[in-house]
Amino acid sequence: MVQKVIGILGGMGPQATLYLFEKIIRNTPAKCDQDHLRVIIDNNPKVPDRTRAILENGENPVPMMVKGAQTLIQAGADFILIPCISAHYFLDELNRKLSRPILSAFDAVAKRIVGDHPDIKTVGLLATNGTIQGGCFQKRLTKSGIQTQMPGEPYQRHIMSAIYEIKGDPTGLAHTENKTAIKLVAEHLIQNGCQGIIAGCTEIPLVLSPKDIDVPLFNPLLILAEAAIQEAKQVVPSCGGGPV
1168 MVQKVIGILG GMGPQATLYL FEKIIRNTPA KCDQDHLRVI IDNNPKVPDR TRAILENGEN
1228 PVPMMVKGAQ TLIQAGADFI LIPCISAHYF LDELNRKLSR PILSAFDAVA KRIVGDHPDI
1288 KTVGLLATNG TIQGGCFQKR LTKSGIQTQM PGEPYQRHIM SAIYEIKGDP TGLAHTENKT
1348 AIKLVAEHLI QNGCQGIIAG CTEIPLVLSP KDIDVPLFNP LLILAEAAIQ EAKQVVPSCG
1408 GGPV
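Structure representation (structure tokens):
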């Protein structure tokens, strides 16, 4: 069976790109190297800031994202993943310009909530200002009958500060402090009636795990990785393992 090739439009940010790739590897049923999926990554951290583009009329990231996606397609990618939730704001425009589809984390998360937790009707969204004010995630959830609560101030300011500190700390030395801040915001949303929390920025699952809160935590990158594996029609062929 011929499997589809996954393309990752990465660099937004580099840690999130690594995290998504790792989730694909760890969730692919494989008994040997050859059972894994082919993944092509374009890790370009020079893409302009997505939140600034959405909210502050900053430099448009779309041309550089299109160029990166076209590179992936030319290299053989059958579909593309973007490990940046804020970048999903531009998804419709990107899909119009490309010959291969981009899988939507918004769609994947909405389907997961409805499929696995049909009782959940209200979720809290931890995300960048760009994602929240862009409104695309909330609109997709509304289509599935799910209401979305945002942190509001001053809680949202704490989330933004933590996100950018995580981006700027590849060593992870400051993760404990940022985890505490994010957890407090999540608990605030839960106290206000949220039945689940969406880690709606790809830096958040780097520090916040399901065991940290008392309601389901939806990790878009993990869910997107699992959707990508399914899209690639992963099968486990019979092979002997052993040396490469």
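The sequence shown begins at 1168 in this note's numbering and counts up by one.
Here a beta-carbon is modelled for each residue, glycine too, at the ideal position from N, C-alpha and C.
These figures come from a predicted structure and were not determined experimentally.
Just to confirm the assignment, what range does the beta strand (DSSP E) spanning residue i have?
i       : result
Thr1369 : Taken as a continuous stretch (DSSP letters only), Thr1369 belongs to no beta strand (DSSP E), as it is neither H nor E.
Leu1248 : 1246–1248
If you drop the 5 nearest sequence neighbours on each side, which residues of the same chain put their C-beta closer than 6 Å to that of residue i?
i       : result
Ile1208 : Ile1175, Gly1177
Ile1365 : Val1290, Leu1292, Phe1385
Return the chain-ordered list of same chain residues with a C-beta closer than 7 Å to the C-beta of residue i, the five sequence neighbours on each side being excluded.
i       : result
Gly1243 : Val1172, Ile1207
Leu1239 : Gly1174, Leu1176, Ile1207, Asp1209, Ile1247
Val1411 : Summary for Val1411: the model assigns pLDDT 44, below 50, so the residue's position carries little reliability; its value from the coordinates is reported in the next sentence. Around Val1411: Asp1200.
So, residue i versus residue j, is the Cβ gap smaller than 7 Å?
i       : j       : result
Phe1273 : His1284 : no
Ser1253 : Thr1309 : no
Ile1371 : Leu1293 : yes
Ile1191 : Ala1392 : yes
Gly1291 : Gln1316 : yes
Lys1346 : Val1374 : yes
Val1281 : Glu1260 : no
Ile1390 : Arg1279 : yes
Val1352 : Ile1313 : no
Rounded to the nearest angstrom, what separates residue i and residue j at their Cα positions?
i       : j       : result
Ala1394 : Gly1363 : 20 Å
Met1232 : Pro1250 : 12 Å
Leu1222 : Thr1295 : 11 Å
Asp1286 : Gln1397 : 25 Å
Leu1356 : Thr1289 : 10 Å
Val1403 : Ala1236 : In this prediction, Val1403 scores a pLDDT of 39, lower than 50, which makes its location untrustworthy; the coordinate-derived value is nonetheless stated afterwards. The straight-line gap from Cα to Cα measures roughly 28 Å.
Glu1226 : Lys1234 : 15 Å
Lys1213 : Gln1182 : 14 Å
Ala1277 : Arg1307 : 7 Å
Give me whichever residues DSSP pairs with residue i in a beta bridge.
i       : result
Leu1187 : Answer is none; Leu1187 lacks a bridge partner.
Val1290 : Thr1315, Gly1363
Val1206 : Ile1173
Phe1385 : Ile1365
Ile1269 : Ile1247
Please list the terminal residues of the continuous alpha helix (DSSP H) segment that includes residue i.
i       : result
Gln1305 : 1303–1310
Ala1272 : 1272–1283
Gly1235 : 1229–1242
Asp1259 : 1258–1264
Asn1345 : 1342–1358
Glu1332 : 1322–1334
Ala1220 : 1217–1222
Under 8 Å Cβ to Cβ from residue i, same chain only, skipping five residues before and after it: list those, please.
i       : result
Tyr1331 : none
Gly1360 : Thr1289, Gln1316
Ser1376 : Leu1384
Leu1265 : Val1233, Ala1236, Gln1237, Ile1240, Ile1247
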